[in-house]
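In full-length UniProt numbering, the protein residues as written are 1 to 249. Note that beta-carbon positions come from the ideal geometry of N, C-alpha and C, so glycine has one too.
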């Protein structure tokens with residue numbers, strides 16, 4: 001692994017209760033890549049992210065992040081998991097939610113630097129004015145920015161996003177991608193989605209994942225692999241134009 005390699009996976013397998021979830025995964029992500037991983041539900045996308053974060057370990061193969069085992073590189077990783085199951089009735093403010101991303105450990109207090117870092121990212125993401133609001137008072141787009149801020153307050157070198165644009169409208173989705181494009185100037189981003197609409201002008205590389213992985217440097221090359229993943233014809237027009245998945249299979 002050279003100095004520009006952020007994530008490297010070699011011959012990685014992962015299974016649950018005897019069922020193979022990921023099979024022979026070989027993946028290399030370089031510094032300042034913006035990689036979108038797409039594929040059907042159950043294809044192993046979230047599992048792949050958890051392996052990179054170090055929340056789970058592969059059954060076989062090697063995962064390295066910044067040349068180290070993932071658990072040793074975690075301080076350089078910002079992780080935004082799916083938030084569809086978040087309890088929005090829990091009484092917590094925007095500021096408190098983001099501050100949790102700077103968790104100092106048990107019996108330790110947040111420092112002045114922690115507070116300043118939260119303020120910085122809330123302002124950068126345009127939600128500083130919402131800092132005293134409860135999470136359950138926010139719109140879908142505002143919630144996405146708040147949880148993105150929580151991942152970014154760690155000041156990571158690698159940002160992992162699991163379905164970050166789920167349940168938000170197309171206009172908000174486009175502005176979110178533009179925001180990610182700015183963030184990508186300073187850090188590597190890996191984003192996963194089951195929606196082929198994630199293929200946009202902001203993404204530098206595409207990987208199709210359905211137990212096995214196929215990586216493409218050019219988004220237009222992804223069409224053939226999508227058809228193989230979904231086992232049906234796919235008509236897709238790139239760059240923010242709606243797509244269609246045919247059900248003739």
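Residue i - partner residues in DSSP beta bridges
i	result
residue 214	208
residue 103	Partner(s): none; residue 103 has no beta bridge.
residue 187	Residue 187 is not bridged to any residue.
residue 134	93
Proximity test, Cβ basis, 7 Å: residue i and chain C
i	result
residue 25	Absent from the structure is chain C; it holds one protein chain and no more.
Cβ-based neighbour list, residue i, same chain, cut-off 7 Å, excluding 5 preceding and 5 following
i	result
residue 31	4, 6, 188
residue 42	none
residue 150	97, 98, 100, 101
residue 217	205
residue 24	11, 13, 212
Length of the line joining the Cα atoms of residue i and residue j
i	j	result
residue 215	residue 47	17 Å
residue 158	residue 61	21 Å
residue 211	residue 147	28 Å
residue 21	residue 74	23 Å
residue 242	residue 171	In this predicted model, residue 242 has a pLDDT of only 38, less than 50, meaning its place in the structure is not dependable; the value taken from the coordinates is given anyway. Roughly 13 Å separates the two Cα atoms.
residue 173	residue 55	28 Å
residue 82	residue 143	12 Å
residue 93	residue 145	14 Å
residue 29	residue 17	29 Å
residue 182	residue 124	11 Å
residue 104	residue 76	15 Å
residue 247	residue 40	At residue 247, the pLDDT of 43 sits below 50, so the modelled position is not reliable and the matter cannot be decided from this model.
residue 57	residue 66	17 Å
Classification of residue i by the beta-carbon crowding that lies within 10 angstroms, buried from 16 upward
i	result
residue 115	exposed
residue 35	buried
residue 8	buried
residue 208	buried
residue 193	buried
residue 64	buried
residue 106	exposed
residue 137	exposed
Whole-Å CB distance - residue i paired with residue j, under 8 Å assumed
i	j	result
residue 27	residue 213	6 Å
residue 52	residue 45	That pair is no contact at about 11 Å.
residue 168	residue 141	5 Å
Contacting residues, own chain, Cβ-Cβ under 6 Å from residue i (five flanking each side not counted)
i	result
residue 161	80, 191
residue 78	151, 152, 154, 156, 159
Residues near residue i by beta carbon distance below 8 Å, same chain, minus five either side
i	result
residue 95	118, 122, 131, 132
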